[in-house]
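Peer 1: This structure is in structure tokens; I'll ask about it shortly.
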Amino acid sequence: MKNKDKKNSAGLTLVEVLLSIVILSIGVSTLMLATNRCLTVIKRAQNRDIAQNLIRQINTDHPIVKIDLDEKIENGDFEKFENFFWKREILFADLESTPGLFLINLTISWLEKGKNSSETISYYIYAPEAESVSRKIN
């Protein structure tokens, strides 16, 4: 009788093995989804970091000359980063109360998984000596 009891309890049943495989596969698939999400977040952060550096590059490669400031839109792309594009809008902020105050909107755009993403920085430049200011006031 003792041999019979040992034989029945000496292993795992097919149901136990299948159940453990199902639990293991759920855990592995969850880890794979989390890893994929982490890689997506890392890529998005890298693109935003590249955009911030490109904003600095635009301001050094295409500086704004205060005397030549006028309302206009400039745009272009980057040789090194093919999917990145830039656009700079120069607008009069408030010509009546503060002549010479310009609003600059600089946007870096890129394609990320087929969707447009962008990073924009806005700042003001005070240039009362700009020729466009004297034309608008007079």
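Counted the way the working numbering counts, the sequence shown spans residues 69 to 206.
Built from N, CA and C at the ideal position, the CB exists for glycine as well.
Can you find the residues in the same chain that come closer than 8 Å, C-beta to C-beta, to residue 134, ignoring five residues on each side of it along the sequence?
Peer 2: Counting from 1 along the sequence shown, the entry for residue 134 is found at position 66. Same-chain partners within the cutoff: 193, 195, 197 and 198.
Peer 1: Once DSSP output is grouped into helix, strand and coil, what is the label at residue 165?
Peer 2: Along the sequence shown, one-based indexing puts residue 165 at 97. If DSSP states are grouped into helix, strand and coil, residue 165 belongs with coil.
Peer 1: Kindly list the residues whose CB is nearer than 7 Å to the CB of residue 115, restricted to its own chain and excluding five residues on each side of it in sequence; keep chain order.
Peer 2: Here residue 115 corresponds to residue number 47 of the sequence shown, with the count starting at 1. Within the same chain, residue 115 has close Cβ partners 178, 180 and 185.
Peer 1: Considering Cα atoms alone, identify which of 122, 201 and 146 is closest to residue 188.
Peer 2: For the purposes of this step, residue 188 is identified with residue 120 of the sequence shown, where counting begins at 1. Ranking the options by Cα distance to residue 188, first place goes to 122.
Peer 1: In terms of residue numbering, what span does the beta strand (DSSP E) encompassing residue 129 cover?
Peer 2: As a position in the sequence shown, residue 129 is number 61, starting the count at 1. No beta strand (DSSP E) holds residue 129; the alpha helix (DSSP H) holding it covers 82 to 129.
Peer 1: Residue 159 and residue 139: beta carbons closer than 8 Å?
Peer 2: Against the sequence shown, residue 159 aligns to sequence position 91. Against the sequence shown, residue 139 aligns to sequence position 71. Yes. Within cutoff.
Peer 1: On the three-state DSSP scale, how would you describe residue 135?
Peer 2: Numbered from its first residue, the sequence shown carries residue 135 at position 67. Helix.
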